[in-house]
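The structure under discussion appears below in the form of structure tokens.
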Amino acid sequence: MEKRVAFEAEDVAAALVMMEREPIGAWAELTSEGELICRRGYEPGGAAGYWVVD
Numbered sequence: 004m005e006k007r008v009a010f011e012a013e014d015v016a017a018a019l020v021m022m023e024r025e026p027i028g029a030w031a032e033l034t035s036e037g038e039l040i041c042r043r044g045y046e047p048g049g050a051a052g053y054w055v056v057d
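Here our numbering = 1-based position in the sequence shown + 3.
Here is the structure:
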């Protein structure tokens, strides 16, 4: 199931903190004005989540 969350943050660091609280599926993307900033992913089996900066 796809979910979109729109919010405003002071800067990228604040946006990352806000996204840490959101549950994710396979990937979550952080964009600004349509431009991809980074993606958040995880490995199945309880491994910690991680960020990928493209």
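The C-beta atom is built at its ideal place from N, Cα and C for all residues, glycine as well.
Which one of the options has the shortest CA to CA distance from residue i?
i: residue 38; options: 13, 17, 5 and 56; result: 56
i: residue 2; options: 53, 35 and 5; result: Since the first residue shown for the chain is 4 and the last is 57, residue 2 is missing from the structure and cannot be characterised.
Since residue i is in the beta strand (DSSP E), which residue starts that stretch and which ends it?
i: residue 38; result: 38–44
i: residue 32; result: 30–35
i: residue 55; result: 53–55
Check the C-beta distance from residue i over to residue j and give it rounded, since I have them as a contact under 8 Å.
i: residue 23; j: residue 31; result: Rounded, the Cβ-Cβ distance is 10 Å, inconsistent with contact.
i: residue 9; j: residue 18; result: The Cβ separation is near 11 Å, so there is no contact.
So the alpha helix (DSSP H) residue i belongs to, where does it begin and stop?
i: residue 23; result: 15–23
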